[in-house]
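Q: According to our numbering, the sequence shown holds residues 17 to 135 in order.
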Amino acid sequence: ESGIEILWNTEVKKISGDTKVKSVTLFNNETGGETELAVDGVFICVGESPNSEIARASGINVDEQGYIIVGSNQETNIVGVFAAGDVTACPVKQIGTAIGQAIIAANGAYKYVRRLSPA
Numbered sequence: 017e018s019g020i021e022i023l024w025n026t027e028v029k030k031i032s033g034d035t036k037v038k039s040v041t042l043f044n045n046e047t048g049g050e051t052e053l054a055v056d057g058v059f060i061c062v063g064e065s066p067n068s069e070i071a072r073a074s075g076i077n078v079d080e081q082g083y084i085i086v087g088s089n090q091e092t093n094i095v096g097v098f099a100a101g102d103v104t105a106c107p108v109k110q111i112g113t114a115i116g117q118a119i120i121a122a123n124g125a126y127k128y129v130r131r132l133s134p135a
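1) To the nearest angstrom, how far is it from the Cα of Gly75 to the Cα of Gln117?
2) So, helix, strand or coil for Asn45, using DSSP?
3) Quick check: the segment 43-56 against the segment 85-98, are at least 3 beta-carbon pairs closer than 8 Å?
4) Note down the Cα distance separating Pro66 from Tyr83, rounded to an integer number of angstroms.
5) So Ala114 and Gly101 are in contact, right, with Cβ under 8 Å, and what is the actual spacing, rounded?
6) On the DSSP letters alone, give me the boundaries of the alpha helix (DSSP H) that Gly129 sits inside.
7) Measuring straight from C-alpha to C-alpha, what distance separates Asn93 and Ser133?
8) To which residues does DSSP link Val28 through a beta bridge?
9) Am I right that Ala99 and Ala121 are in contact with their C-beta atoms under 8 Å? What's the rounded C-beta distance?
10) Out of Val97, Asn44 and Leu23, point me to the one whose CA is closest to Val129's CA.
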């Protein structure tokens with residue numbers, strides 16, 4: 017109904033094109049077969065499990081899936097500790113979102129350090 021076909025047990029082996037993406041070579045892990053699929057673009061998603069063990073071990077709050085919980089300024093439950101990107105509980109896992117979070121976190125960290133240092 018949606019027009020989207022899900023290719024289970026399949027991984028991208030090659031992205032082809034000259035100045036833009038034109039096709040991908042797919043490998044089916046069950047059949048061992050390879051196919052080439054014409055595409056207009058590729059959206060890369062790297063992993064779906066956050067690597068937050070060091071944060072958890074440091075006492076930083078994480079949710080049930082292991083994502084770091086942050087406030088609107090990207091600060092964790094530990095004052096002066098900020099987090100950004102795919103490891104946070106933000107539902108949108110895209111580079112643009114991560115960059116925006118990093119800017120907010122850097123600004124928050126800067127303000128935090130300025131409060132600690134007398135002028």
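Even glycine gets a Cβ: it sits at the ideal position worked out from N, Cα and C.
All values reported here derive from a predicted model rather than from experimental measurement.
A: Inspection of the coordinates gives the following:
1) 21 Å
2) coil
3) no
4) 6 Å
5) 4 Å
6) Note that residue 129 corresponds to Val in the displayed sequence, not to Gly. Per DSSP, Val129 belongs to the alpha helix (DSSP H) from Ile111 to Leu132.
7) 22 Å
8) Leu42
9) 7 Å
10) Val97
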